[in-house]
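**Q** In our numbering, the protein residues as written are 98 to 477.
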Amino acid sequence: MIPFNKPHLTGKETHYIYDAVNTGKISGNGKYTKLCHDFFLKRFHFKHSLLTTSCTDGLEMASILINIKPGDEIIMPSYTFVSTANAFVLRGATIRFVDSRDDHPGMDEDKIEELINEKTKAIVPVHYAGIACNMDKIMFLSEKYNLFVIEDAAQAIDSYYLNKDGIKIPLGSIGHLGVFSFHETKNIISGEGGLLVVNDQQFKNRSEIIWEKGTNRSSFFRGEVDKYGWVDVGSSFLPSDIISAFLYAQLEELDQIQKRRIEIWNLYYKELSECCKANGIRLPMVPEYATNNAHMFYLVFDSSNLRSKVIEKLKEVGILSVFHYLSLHKSPFYIEKHDGRTLINSDRYTENLLRLPLYVDLQDQEVLQITHTVREILNG
Ligand SMILES: *Cc1c(COP(=O)(O)O)cnc(C)c1O
98 MIPFNKPHLT
108 GKETHYIYDA
118 VNTGKISGNG
128 KYTKLCHDFF
138 LKRFHFKHSL
148 LTTSCTDGLE
158 MASILINIKP
168 GDEIIMPSYT
178 FVSTANAFVL
188 RGATIRFVDS
198 RDDHPGMDED
208 KIEELINEKT
218 KAIVPVHYAG
228 IACNMDKIMF
238 LSEKYNLFVI
248 EDAAQAIDSY
258 YLNKDGIKIP
268 LGSIGHLGVF
278 SFHETKNIIS
288 GEGGLLVVND
298 QQFKNRSEII
308 WEKGTNRSSF
318 FRGEVDKYGW
328 VDVGSSFLPS
338 DIISAFLYAQ
348 LEELDQIQKR
358 RIEIWNLYYK
368 ELSECCKANG
378 IRLPMVPEYA
388 TNNAHMFYLV
398 FDSSNLRSKV
408 IEKLKEVGIL
418 SVFHYLSLHK
428 SPFYIEKHDG
438 RTLINSDRYT
448 ENLLRLPLYV
458 DLQDQEVLQI
468 THTVREILNG
């Protein structure tokens, strides 16, 4: 049986957890949380990062930080995970969903401007499959209309935007705020876990307060104030140091993990490109301004019947493939609240996109078995 995902362990996780337990302090913001924050600073130049218990929590912190209130409008793709929207809906925002691009499941950057009005507060680009949105276009709109940009980089660890000068900028560091996920289905994992990256320094102090239940506990521990108390709204967004210890072991192996994932992704591409092109099936597209962090390998069929047939046939030989999001504008919760526009590309990905197994411990030989079976189904 080849599962769709298998969490990869580096082997050091339990060692660091053991060490964290031995420090005698396993609540949040301990030794391993700091080691992780340092890692993000050194590796990606994230000036201010805060580990969170999930990416969902990171998004909720972002929503609090930009002071979302009822009636505010947020622009984001419909083809995304529910948390991207829910974090803002929780605080009363209305979501204006943007269609996906024709050539990529990410949001169509050219359809954002028409949705902007005086109620618009923020744009939330989602770097689908770890592939960058066109951030020049999005940051241009942000400046023109004075809007916040919160990057949902849940899938985008170690992925980059190549700017006009060809410089690699880590995703998550371009908008005012960025969020990552370390859920066990992502490239770097801690079971559940996430990260909020604060790029706009106006949010620095308040982000720590919101993180620590609305108290100025972090400044107190740095000796900046002589007692700590309730100074703002907030919640318990910080993970236990046991989670951070697990995460640190993963971060140390980031390069090896990424190298292997990219090898697998390239093997899929090589083995499937000819057959897919011959059959009118689309392979993942990586624009010239984006890098590929091999978060996902997917195919886009021209009908949902063919997709169902491929899922079934793969399952018969023990290979698990899965479809992805159901467009949020058509979800039972939001369909009545949606403004009624049809989003054809988003619906097309909902019906026709299929993800193939991709995890570090997947063997070349298993990839070949999968691609061989896919080719047989398509040609036969
Ligand atoms: C995984 C994911 C999330 C949620 O991450 P959690 O850590 O599970 O909360 C949000 N947005 C996108 C695009 C995701 O892929």
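Each residue gets a CB set at the ideal place from its N, CA and C atoms; glycine is no exception.
Beta carbon of Q299: closer than 7 angstroms to some heavy atom of ligand 1?
**A** Numbered from 1 along the sequence shown, position 202 holds the residue referred to as residue 299. Incorrect: Q299 has no Cβ contact closer than 7 angstroms to ligand 1.
**Q** Measuring straight from C-alpha to C-alpha, what distance separates E360 and T149?
**A** Taking the sequence shown and counting its residues from 1, one reaches residue 360 at position 263. Taking the sequence shown and counting its residues from 1, one reaches residue 149 at position 52. So the two alpha carbons sit approximately 30 angstroms from each other.
**Q** Leaving out five residues before and five after E463 in sequence, what residues of the same chain have Cβ atoms less than 7 angstroms from its Cβ?
**A** Here residue 463 refers to the residue found at position 366 of the sequence shown. Cβ within range, chain order: I99.
**Q** Is F398 near ligand 1, going by C-beta to nearest heavy atom under 7 angstroms?
**A** Translated into positions along the sequence shown, residue 398 becomes position 301. No - ligand 1 has no heavy atom lying nearer than 7 angstroms to the Cβ of F398.
**Q** Nearest to I474 by CA position, among Y325, K412, L292, C230, is which residue?
**A** Taking the sequence shown and counting its residues from 1, one reaches residue 474 at position 377. Checking every option, the nearest Cα to that of I474 belongs to K412.
**Q** List the residues that DSSP assigns as beta-bridge partners of I172.
**A** Within the sequence shown, residue 172 is the residue found at index 75, counting from 1. Answer is R193, I220, bridged to I172.
**Q** Check each residue's C-beta against every heavy atom of ligand 1 and list, in chain order, those closer than 6 angstroms.
**A** The answer, residue by residue, is S151, C152, T153, T177, F178, S180, T181, V223, D249, A251, Q252, S278, H280, G291.
**Q** In angstroms with no decimal places, state the Cα-to-Cα distance between E305 and F237.
**A** In the sequence shown, the residue the question calls residue 305 occupies position 208. In the sequence shown, the residue the question calls residue 237 occupies position 140. Their Cα atoms are separated by approximately 29 angstroms.
**Q** Do you know offhand how far K166's Cα is from V186's?
**A** Here residue 166 refers to the residue found at position 69 of the sequence shown. Here residue 186 refers to the residue found at position 89 of the sequence shown. Rounded to the nearest angstrom, the two C-alpha atoms are 9 angstroms apart.
**Q** For a quick check, are the C-beta atoms of V407 and V328 less than 8 angstroms apart?
**A** Here the question's residue 407 lines up with position 310 in the sequence shown. Here the question's residue 328 lines up with position 231 in the sequence shown. Contact: no.
**Q** Which runs of the beta strand (DSSP E) at least 3 residues long sit entirely within the stretch 103-130? Give them in chain order.
**A** Within the stretch 103-130, no complete beta strand (DSSP E) run reaches 3 residues.
**Q** Assuming A159 and I171 are in contact, meaning their beta carbons sit under 8 angstroms apart, how far apart are those beta carbons, in whole angstroms?
**A** Working through the sequence shown from its first residue, we reach residue 159 at position 62. Working through the sequence shown from its first residue, we reach residue 171 at position 74. Their Cβ separation, rounded to whole angstroms, is 10 angstroms, which puts A159 and I171 out of contact at 8 angstroms.
**Q** Please determine if the stretch 285-295 and the stretch 386-397 are in contact, where contact requires at least 3 C-beta pairs separated by less than 8 angstroms.
**A** These segments do not touch.
**Q** To the nearest angstrom, how far is it from the Cα of K427 to the Cα of H435?
**A** The residue given as residue 427 occupies position 330 in the sequence shown. The residue given as residue 435 occupies position 338 in the sequence shown. Straight-line Cα distance between these residues: approximately 8 angstroms.
**Q** Under a three-way DSSP split, which group does Y366 fall into?
**A** Here residue 366 refers to the residue found at position 269 of the sequence shown. Y366: helix per DSSP, three-state reduction.
**Q** Within 10 angstroms of the Cβ of F318, are there 16 or more other Cβ atoms? Answer buried if so, exposed if not.
**A** On the sequence shown, residue 318 is found 221 positions in, with the first residue counted as 1. Counting Cβ neighbours within 10 Å, F318 comes out exposed, since fewer than 16 surround it.
**Q** So what's F137 in DSSP terms, helix, strand or just coil?
**A** Residue 137 sits at position 40 when you count from the first residue of the sequence shown. Three-state DSSP puts F137 in a helix.
**Q** Between the alpha carbons of N376 and V414, how many angstroms are there, rounded?
**A** Residue mapping note: residue 376 aligns to position 279 of the sequence shown, counting from 1. Residue mapping note: residue 414 aligns to position 317 of the sequence shown, counting from 1. Between N376 and V414, the C-alpha separation is close to 22 angstroms.
**Q** Since V419 sits in a beta bridge, which residues does DSSP pair it with?
**A** The residue you call residue 419 lines up with position 322 of the sequence shown. According to DSSP, which records beta bridges pairwise, V419 is partnered with R452.
**Q** List the DSSP bridge partners of Y325.
**A** Residue numbering aside, residue 325 sits at position 228 when the sequence shown is read from its first letter. None, per the DSSP bridge assignment.
**Q** For the candidate residues F194, W308, C372, whose alpha-carbon lies nearest to that of H145?
**A** What you label residue 145 is simply residue 48 of the sequence shown in a count that begins at 1. Nearest of F194, W308, C372 to H145, Cα basis: W308.
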